[in-house]
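Residue 5 is where the sequence shown starts when you use our numbering, and the numbers rise one by one after that.
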Amino acid sequence: MVNIALGASLSTVILTVPVMEAISLYTGQPFIMAMTSVQTVMVTITLIVAAINLNDGQTNAIEGMTHFVLFATFVMLTVLGL
């Protein structure tokens, strides 16, 4: 199950976004990710936490809960319209 989730996210990040970026550069159209500044900060924090958690190659429940809390915060901020 985890392999499927990792494969899906990897294909989105590694394939879709760069292809769309290349198409926008080729056609001269702007490529807008449609994220607010608060959402951009939340994604940046999540990537930093993921890098720290995966640094040693092992994870535990506390590190997983950290990601869950970040996700819940992201959803709550989105519901609030920030």
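Even glycine gets a Cβ: it sits at the ideal position worked out from N, Cα and C.
With distances taken between CB atoms, is the gap from residue i to residue j smaller than 8 Å?
i     : j     : result
Ile49 : Leu74 : yes
Leu84 : Thr40 : no
Thr77 : Val53 : no
Asn57 : Glu67 : yes
In this structure, how does DSSP classify residue i when only helix, strand and coil are distinguished?
i     : result
Phe35 : coil
Thr50 : helix
Asn59 : coil
Asn64 : coil
Thr82 : helix
Thr40 : coil
Let me confirm a value: residue i is counted as buried when at least 16 other C-beta atoms fall within 10 Å, else exposed. Which label applies?
i     : result
Met46 : buried
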